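Colleague: Per full-length UniProt numbering, the very first residue in the sequence shown carries number 1; after that it's consecutive.
For every residue, glycine included, the Cβ atom is placed at its ideal position computed from N, Cα and C.
In this text, all values refer to a predicted model and were calculated from it rather than measured experimentally.
Dumping the structure here so I can ask a few things about it.
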Amino acid sequence: MALSGCNSGGGETAGPDGKKKLVVAMELAYPPFETKDDAGNPSGLSVDFIKGFGEAYGYDVQIDNTSFDGLIPALQTNKADVVLSSMTITPERQESVDFTDPYAVAQLAILANKNSGINSIDDLNQPNKTVAVKTGSTGDVYATKHLTQANIVRLADESACVTEVVQGKADGFLYDQLTIYRNNQANPDTTSAVFIPFQDPEMWGMAVKKGNTELKDQLNEYIAQCKEDGEFDRLTEKYLHDEKAAFDSLGFRWFFDFEGEQGQ
């Protein structure tokens with residue numbers, strides 16, 4: 001949906017109900033965090049989370065579905081006040097935007113073609129191996145930096161990367177553990193999952209325009225409150241009950257576990 005009237009001051013333009021408008025950019029292509037319901041409306045854990053923030057701080061939240069590579073530019077051009085899209089905090093991105101405190105932690109894993117012989121990240125770093133990555137993702141960044149011997153195929157969305165692996169056109173796809181787990185479960189005959197950690201856990205944060213400390217401080221307050229009052233546990237139960245049980249059984253660190261030890 002095309003939205004106008006937002007600004008870098010944190011939604012000072014009034015919405016139809018008199019509340020301050022807060023335009024939130026997210027790519028609605030990553031269920032169950034950012035997705036659409038059957039009617040095409042924004043839905044998911046991140047949507048519930050930011051709507052809860054709006055209720056707590058008096059904002060009229062409006063969500064702008066934006067391609068991943070357009071999220072940071074949306075902040076820089078005042079088309080959005082906040083980016084909330086399962087985005088990892090990285091030094092490169094911090095040069096362009098200000099991030100909140102982390103609200104989730106994730107780790108990369110590998111979805112491998114079952115016949116590729118991939119059992120570790122080193123197995124992918126070979127001249128005869130092809131790695132699929134989502135353009136601009138941390139999997140893309142990791143592969144570019146560390147998988148210098150492999151052939152890297154950059155695609156626009158995760159489903160295309162999964163298809164490459166399922167069809168045997170790519171040997172592996174780098175993405176977060178939850179995505180790899182879900183797609184391995186959906187394609188057990190053609191894929192295998194490699195969860196052996198090969199990098200430090202990634203921290204997800206919300207992004208605001210450089211210098212927008214008022215909004216960033218409010219978001220940080222809300223994140224801290226949600227950690228304290230169990231909101232993340234409620235969101236997990238609603239959207240990720242089965243996945244949480246699977247992560248626990250595998251010994252993986254959960255998205256909202258900032259106290260636990262790093263997973264296996």
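Below 8 Å, can you find three or more Cβ-Cβ pairs linking the stretch 157-173 to the stretch 118-138?
Modeller: Flag = yes, the stretch 157-173 and the stretch 118-138 touch.
Colleague: Cα-Cα, which of K114, A109, D81 is closest to residue 278?
Modeller: The structure shown does not extend to residue 278, since the chain spans only 1 to 264, so no value can be given for it.
Colleague: In the DSSP assignment, find the beta strand (DSSP E) that holds E55 and state where it starts and stops.
Modeller: Counting from 1 along the sequence shown, the entry for residue 55 is found at position 55. Note, E55: premise wrong, no beta strand (DSSP E); alpha helix (DSSP H) at 45-57.
Colleague: Could you spell out the range, first to last residue, of the beta strand (DSSP E) harbouring E202?
Modeller: Within the sequence shown, the letter at position 202 stands for residue 202. That run of the beta strand (DSSP E) goes 202-204.
Colleague: Less than 9 Å separating the beta-carbons of P102 and F252?
Modeller: Taking the sequence shown and counting its residues from 1, one reaches residue 102 at position 102. Taking the sequence shown and counting its residues from 1, one reaches residue 252 at position 252. In this structure, F252 does not lie closer than 9 Å to P102 by Cβ.
Colleague: What's the C-alpha gap between F255 and D217?
Modeller: The count along the sequence shown starts at 1 and reaches residue 255 at position 255. The count along the sequence shown starts at 1 and reaches residue 217 at position 217. Straight-line Cα distance between these residues: approximately 22 Å.
Colleague: Is it true that the CB of L178 sits closer than 9 Å to the CB of A132?
Modeller: As a first step, residue 132 must be located in the sequence shown, where it is residue number 132. As a first step, residue 178 must be located in the sequence shown, where it is residue number 178. Not closer than 9 Å, so no.
Colleague: Quick one: using the 10 Å Cβ neighbour count with 16 as the cut-off for buried, is G18 buried or exposed?
Modeller: For the purposes of this step, residue 18 is identified with residue 18 of the sequence shown, where counting begins at 1. Classification of G18: exposed, given that the 10 Å Cβ count is below 16.
Colleague: Could you give the distance in angstroms between the alpha-carbon of V24 and the alpha-carbon of A112?
Modeller: Here the question's residue 24 lines up with position 24 in the sequence shown. Here the question's residue 112 lines up with position 112 in the sequence shown. Straight-line Cα distance between these residues: approximately 34 Å.
Colleague: Out of curiosity, what's the CA-to-CA distance linking V166 and D157?
Modeller: As a first step, residue 166 must be located in the sequence shown, where it is residue number 166. As a first step, residue 157 must be located in the sequence shown, where it is residue number 157. C-alpha separation (whole angstroms): 15 Å.
Colleague: Assuming I152 is part of the beta strand (DSSP E), what are its boundary residues?
Modeller: Counting from one through the sequence shown, the residue named residue 152 turns up at place 152. 151-155 is the span of the beta strand (DSSP E), which, as asked, contains I152.
Colleague: In chain order, what residues of the same chain have a beta carbon less than 6 Å from the beta carbon of G136, not counting five sequence neighbours either side?
Modeller: To locate residue 136, count along the sequence shown from 1; it is residue 136. So the list reads F68, D69, once near-sequence residues are dropped.
Colleague: In chain order, which beta strand (DSSP E) runs of at least 3 residues are fully inside the stretch 84-135?
Modeller: Correct list: 97-99, 104-106, 108-113, 130-134.
Colleague: How long is the line joining the alpha carbons of K20 and K79, rounded to whole angstroms?
Modeller: Counting from one through the sequence shown, the residue named residue 20 turns up at place 20. Counting from one through the sequence shown, the residue named residue 79 turns up at place 79. Rounded to the nearest angstrom, the two C-alpha atoms are 15 Å apart.
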